[in-house]
Amino acid sequence: MSRITAENVLLRQDGHAFLVLRENLFAYTALMQPPADNPGCHTNPVTICGPPGVGKSLLVKSYVRDRIDQQPGIPVVHVSGAQFIADLAEAAAENRIPQWQRSHRSAGLFICEDLQSLATHDEAQQHLQAAIDEVDATGGQVVLTALRLPGEINGLSAKLVNRCHGGICATIDLPGPASRRKLLDHFLAEQQLILPEALVDELTREMAVAPRELRAIVQELAVATRGQPNIPEQLVRNVVNQRKEEYGVTLPDVARAVAKRFGVGLSALRSGRRLRSLVLPRQTAMLLARELTDARYAEIGEYFGGRNHSTVVHACQRIRELLETTPELASSVDQVRTQLVSRRIPAKC
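Read in order, the letters of the sequence shown correspond to residues -3 to 345 in this note's numbering.
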């Protein structure tokens, strides 16, 4: 099998493309590329985790299609967590749980999406774990998806969490700037839209969101331009501002998240003090505020110690430059960004 890289893989499923990027490469490899020294080897379960819209289900569908192409007739069970619970309740009501169990446990490929839906449903969790064990014992493959790592889902039993951790847990993160640029270029090409490089760069910086949301933005632009390839600059800005309002991230949200991540006081972060220990976190907060809120440069500067427009512009530029050369900072910024953008995920899922 050819070497997998983030630049040379494009999977298509139902008209949608799954681009293999740095953020999803491990998840892709865990599913799509078996060990070179043992191609028939299965690790069970493979759990793909990540916030909404990062491509978990699209990857799983691509995997299912690939397996069916390789093994026509393979028994496939593909359910959501909610459907698994509903099917169990129906089987119990009709006194046919043994038959229901066999239909799941005889699968060559068993997939259960949205594992967090089973939280607090003890009986469903027991049946799921039994299905995982039996499919594994007969040489089948089990794939799960979840919004969070199994150990972070309140209500999952310790046994099920340990069973998941005994397999492979692969997280798909929100795309970083380089991946967002690749996604935007691809989505614009799909819609045959032309956008000046400066505006694509701005979209890349401003819209730190999941691939599904980036696609939705481009589709909205395509509808608004009524088939015209060239997109007016003001239209792009209007769409961006509207989306930011929908995310609901505020300046206080950004300040609290950054202060916690960098271990500084919130009041100190917002103050006019120029201590060296505060410069980097404050500038980081300014960049994230610009990316994730609809606040203007002047508003951001006023919030962070009464600074002016040009100070915020300089701060954003400096952090962008540092992100290219400082992996530790890039990791911290990505984690804070993910935390803020993923706030729409229920805390107890």
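Virtual Cβ for every residue (Gly too), placed ideally from N, Cα, C.
Would you please state the rounded distance, in angstroms, between the beta carbons of residue i and residue j? I believe it to be under 8 Å.
i      : j      : result
Ala281 : Val309 : Incorrect: roughly 15 Å between the Cβ atoms, too far for contact.
Gln125 : Arg159 : 6 Å
Glu287 : Glu202 : 6 Å
Suppose you measure from the CA of residue i to the CA of residue j; what does that come to, to the nearest Å?
i      : j      : result
Gln335 : Pro47  : 10 Å
Ser327 : Trp96  : 45 Å
Val260 : Glu216 : 40 Å
Asn150 : Asn91  : 30 Å
Gln79  : Leu55  : 20 Å
Asp65  : Tyr243 : 40 Å
Phe183 : Arg211 : 6 Å
Leu283 : Leu247 : 11 Å
Ile44  : Leu21  : 12 Å
Thr289 : Arg333 : 12 Å
Leu231 : His74  : 41 Å
Ala89  : Glu119 : 14 Å
Thr221 : Leu189 : 9 Å
Cys312 : Leu84  : 52 Å
Pro173 : Leu265 : 25 Å
Ala26  : Arg269 : 48 Å
Ile107 : Arg61  : 13 Å
Leu318 : Val329 : 11 Å
Glu229 : Leu271 : 39 Å
Asp197 : Val337 : 20 Å
Gln29  : Gln67  : 15 Å
Ile227 : Gly69  : 47 Å
Pro71  : Ala185 : 37 Å
Under the rule that 16 or more other beta-carbon atoms within 10 Å means buried, what is residue i, buried or exposed?
i      : result
Val139 : buried
Val42  : buried
Thr134 : exposed
Ile128 : buried
Gly162 : exposed
Ile296 : buried
Glu209 : buried
Pro146 : buried
Pro35  : The predicted model places Pro35 with a pLDDT of 49, which falls under 50 and marks its position as unreliable; any figure quoted below should be read in that light. Its Cβ having fewer than 16 others within 10 Å, Pro35 is exposed.
Lys52  : buried
Glu109 : buried
Gln137 : buried
Arg98  : exposed
Val131 : buried
Thr321 : exposed
Val275 : exposed
Glu148 : exposed
Ser273 : exposed
Asp33  : Model confidence at Asp33 stands at a pLDDT of 47, short of 50, so the residue's coordinates are unreliable and nothing is read from them.
Ala253 : buried
Gln121 : buried
Below 7 Å between beta carbons: does that hold for residue i and residue j?
i      : j      : result
Ala294 : Ala285 : no
Val50  : Ile168 : yes
Ser58  : Phe14  : yes
Ile81  : His123 : no
Arg314 : Gln279 : yes
Ala142 : Leu179 : no
Ala115 : Leu152 : yes
Ala218 : Gln187 : yes
Ile105 : Arg63  : Residue 105 is actually Leu in this sequence, not Ile. Yes.
Ala23  : Ala166 : yes
Ile164 : Thr307 : no
If you drop the 5 nearest sequence neighbours on each side, which residues of the same chain put their C-beta closer than 7 Å to that of residue i?
i      : result
Pro171 : Leu17, Glu19, Leu179 and Pro207
Ile93  : Ala87
His305 : Tyr293, Ala294 and Gly297
If I measure Cβ to Cβ from residue i and keep anything under 6 Å in the same chain, skipping five residues before and after, which residues do I get?
i      : result
Phe258 : Pro277
Ala255 : Leu262 and Leu265
Arg177 : Thr200
Leu156 : Gln121 and Gln125
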